[in-house]
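In the numbering used here, the protein residues as written are 3 to 65. From the three backbone atoms N, C-alpha and C, an ideal C-beta is built for every residue, glycine too. Since we're looking at a predicted model, the values are computed, not measured.
Here is the structure:
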């Protein structure tokens with residue numbers, strides 16, 4: 003006879019230790035990815051602002 007879960011009573015399910023060991027590594031990896039994305043977006047924004055400033059300076063000289 004099998005219970006409602008579909009696993010026979012005499013079978014024992016063990017935890018996946020590999021998954022338990024990988025969980026602490028996921029959090030720092032997500033943090034690192036977040037920091038890298040933040041720095042990349044900030045750098046692109048500053049580069050765009052600098053390019054616009056240079057273009058405005060050259061446009062003023064042409065007039």
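- In this model, residue 49 and residue 41 are separated by some 12 Å (Cα to Cα).
- Here the alpha carbon of residue 57 sits roughly 15 Å from the alpha carbon of residue 47.
- Linking residue 21 to residue 32 through their CA atoms gives a straight-line distance of about 16 Å.
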